[in-house]
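Numbering (mature numbering (1 follows the signal peptide of the UniProt record, and there is no 0)), first residue to last: -29 to -1, 1 to 239.
No residue lacks a Cβ here, since even glycine has one placed at the ideal position from N, Cα and C.
I have placed the structure first, in the form of structure tokens, so that the comments after it can refer back to it.
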């Protein structure tokens, strides 16, 4: 009898220590999964454009079963899972059509948005089809927009999320750098590649600041994607895809599972 009690006591202590050693992120993830719902908002980087395996009912939103929100929900079994992220979404689209599932029982919200507001598609089209100077000029226009107009739009989205989901942990996901610099690689010039990377950094800085001001976590994916940029030899991003232009410059399935998902796990 004494031996049994001793074994139970030791087992309990080991379990307590083991739980502590798993880290706060794992404990919180389990708590979130058990106590509330998960709502995934945002643009194509959250819907999973480029990852394939699109959910037919999502139509042009192209929500993928290989996107990080779907993978997180499959791993953690939240009480409810609402996946409203949509390809091409801007801040106004999030406000108009994605926030309905949010509520008092929402425990976790993830979102990536801002790139389309800043003219991501037009920037990349200009840089792929026009000169270095035209590319840099278009990027400078986008950077000016990020400085002058985007912060207010992000504030509107973030305030609406907090109003509708007052108890939720909100994780704002950023964007990767697109190119490995200094590598021999066909396609865009080094000037264009550096300007695009710098613009991504500029956008991430702006998004991170607004997220922090609202008390939200910022999930920076740039480190996760380091070594997996276009021109790296092991790219997690599509380059220009003339057969499926909409997937150009979006994460492949490994970019969702190896890039975005771990960052969400570390910030949930």
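Inset, instruction - Could you name each continuous alpha helix (DSSP H) segment of 4 residues or more that falls completely within the region 62 to 94, going from the start of the chain to the end? - result: As far as the region 62 to 94 is concerned, its whole alpha helix (DSSP H) runs of at least 4 residues are 62 to 68.
Inset, instruction - Return yes when the Cβ of residue 145 is within less than 9 angstroms of the Cβ of residue 179, no when it is not. - result: The count along the chain shown starts at 1 and reaches residue 179 at position 208. The count along the chain shown starts at 1 and reaches residue 145 at position 174. Yes, the Cβ-Cβ distance between residue 179 and residue 145 is below 9 angstroms.
Legend entry - Best match in 9, 102, 125, 37 for proximity to residue 248 [C-alpha to C-alpha]: Beyond the ends of the chain as shown, which are -29 and 239, falls residue 248; an answer cannot be given.
Inset, instruction - Give the single residue among 229, 182, 149, 57 whose Cα lies nearest to the Cα of residue 200. - result: The residue labelled residue 200 in the question sits at position 229 within the chain shown. Cα-wise, what sits closest to residue 200 is 149.
Inset, instruction - List the endpoints of the continuous beta strand (DSSP E) containing residue 140. - result: Taking the chain shown and counting its residues from 1, one reaches residue 140 at position 169. Element bounds for residue 140: 140 to 144.
Inset, instruction - Compute the Euclidean distance between the alpha carbons of residue 27 and residue 36, then round it to the nearest angstrom. - result: The residue given as residue 27 occupies position 56 in the chain shown. The residue given as residue 36 occupies position 65 in the chain shown. Going from the Cα of residue 27 to the Cα of residue 36 covers about 10 angstroms.
Legend entry - Whole-Å CB distance - residue 163 paired with residue 106, under 8 angstroms assumed: Counted from its first residue, the chain shown places residue 163 at position 192. Counted from its first residue, the chain shown places residue 106 at position 135. The pair is a contact, with the Cβ atoms about 5 angstroms apart (cut-off 8 angstroms).
Legend entry - Length of the line joining the Cα atoms of residue 117 and residue 91: What you label residue 117 is simply residue 146 of the chain shown in a count that begins at 1. What you label residue 91 is simply residue 120 of the chain shown in a count that begins at 1. A direct Cα-Cα distance of roughly 11 angstroms separates residue 117 from residue 91.
Inset, instruction - Below 8 angstroms on the Cβ atoms is my guess for residue 81 versus residue 40; work out the distance and round it to an integer in Å. - result: Taking the chain shown and counting its residues from 1, one reaches residue 81 at position 110. Taking the chain shown and counting its residues from 1, one reaches residue 40 at position 69. Contact between residue 81 and residue 40 holds, since their C-beta atoms are separated by about 6 angstroms, short of 8 angstroms.
Legend entry - Euclidean distance between Cα positions of residue 184 and residue 38: Here residue 184 refers to the residue found at position 213 of the chain shown. Here residue 38 refers to the residue found at position 67 of the chain shown. Rounded to the nearest angstrom, the two C-alpha atoms are 27 angstroms apart.
Inset, instruction - Assign residue 195 to one of three DSSP states: helix, strand, or coil. - result: The sequence position of residue 195 within the chain shown is 224, counting from 1. In the structure shown, residue 195 adopts helical secondary structure according to DSSP, grouped into three states.
Legend entry - For residue 99 and residue 213, the rounded distance between their alpha carbons: Here residue 213 is taken as the residue at index 242 of the chain shown, counted from 1. Here residue 99 is taken as the residue at index 128 of the chain shown, counted from 1. Rounded to whole angstroms, the gap between the alpha carbons of residue 213 and residue 99 is 12 angstroms.
Legend entry - Identified DSSP bridge partners for residue 9: Translated into the one-based positions of the chain shown, residue 9 becomes position 38. Beta-bridge pairing links residue 9 to 52, 79.
Legend entry - Three-state secondary structure (DSSP) of residue 204: Translated into positions along the chain shown, residue 204 becomes position 233. The answer is coil: DSSP assigns residue 204 none of H, G, I, E or B.
Inset, instruction - Jot down the residue ranges of each uninterrupted alpha helix (DSSP H) in the region 102 to 146, minimum 4 residues, whole runs only, in chain order. - result: Entirely contained in the region 102 to 146, the alpha helix (DSSP H) runs reaching 4 residues are, in chain order, 103 to 119, 121 to 135.
Inset, instruction - For residue 247, collect the residues of the same chain with a Cβ closer than 6 angstroms to its Cβ; drop the 5 residues on either side in sequence, then sort them by chain order. - result: Given that the chain is displayed from residue -29 to residue 239, the structure contains no residue 247 and the question cannot be resolved.
Inset, instruction - Verify whether the separation of the beta carbon atoms of residue 125 and residue 177 is less than 9 angstroms. - result: The residue labelled residue 125 in the question sits at position 154 within the chain shown. The residue labelled residue 177 in the question sits at position 206 within the chain shown. Result yes, Cβ atoms of residue 125 and residue 177 sit closer than 9 angstroms.
Legend entry - Alpha carbon of residue 167 to alpha carbon of residue 110, nearest angstrom: Your numbering for residue 167 matches position 196 in the chain shown. Your numbering for residue 110 matches position 139 in the chain shown. Each residue's alpha carbon lies about 7 angstroms from the other.
Legend entry - Span of the alpha helix (DSSP H), counted from its first residue to its last, around residue 154: As a first step, residue 154 must be located in the chain shown, where it is residue number 183. No alpha helix (DSSP H) contains residue 154, which DSSP labels as neither H nor E.
Legend entry - When 219, 48, 232, 215 are compared against residue 93, the one with the closest alpha-carbon: If you number the chain shown from 1, residue 93 lands on position 122. Closest by alpha carbon: 219.
Inset, instruction - Taking residue 68 as the reference, give the member of 115, 132, 239 with the closest Cα. - result: Mapped onto the chain shown, residue 68 falls at position 97. Minimum Cα distance to residue 68 is reached at 132.
Legend entry - Where residue -17 falls: helix, strand or coil (DSSP): Along the chain shown, one-based indexing puts residue -17 at 13. Caution is warranted here: a pLDDT of 35 is assigned to residue -17, below 50, making its placement in the model unreliable, and the coordinate value is therefore given only provisionally. Helix at residue -17.
Legend entry - Close beta carbons around residue 127, own chain, < 7 angstroms, minus the five adjacent residues each side: The residue labelled residue 127 in the question sits at position 156 within the chain shown. Excluding positions up to five away in sequence, the list reads 62, 66.
Inset, instruction - Within the same chain, show all residues whose beta-carbon is closer than 7 angstroms to that of residue 224, passing over the 5 residues directly before and after it, in chain order. - result: Position 253 of the chain shown, counting from 1, holds the residue named residue 224. Hits under 7 angstroms: 22, 23, 37.
Inset, instruction - Assign residue -1 to one of three DSSP states: helix, strand, or coil. - result: By one-based count along the chain shown, residue -1 stands at place 29. Low per-residue confidence applies at residue -1: pLDDT is 44, beneath 50, and the placement is therefore not dependable enough to give any value.
Inset, instruction - Let me know if residue 121 comes out buried or exposed under the rule of 16 or more other beta-carbons within 10 Å of its beta-carbon. - result: What you label residue 121 is simply residue 150 of the chain shown in a count that begins at 1. Result: buried.
Legend entry - Sheet register partners of residue 308 (DSSP bridge): This structure cannot speak to residue 308, because the chain is shown only from -29 to 239.
Legend entry - Helix, strand or coil at residue 45 [DSSP, three-state]: Translated into positions along the chain shown, residue 45 becomes position 74. Looking at residue 45 - three-state DSSP - the assignment turns out to be helix.
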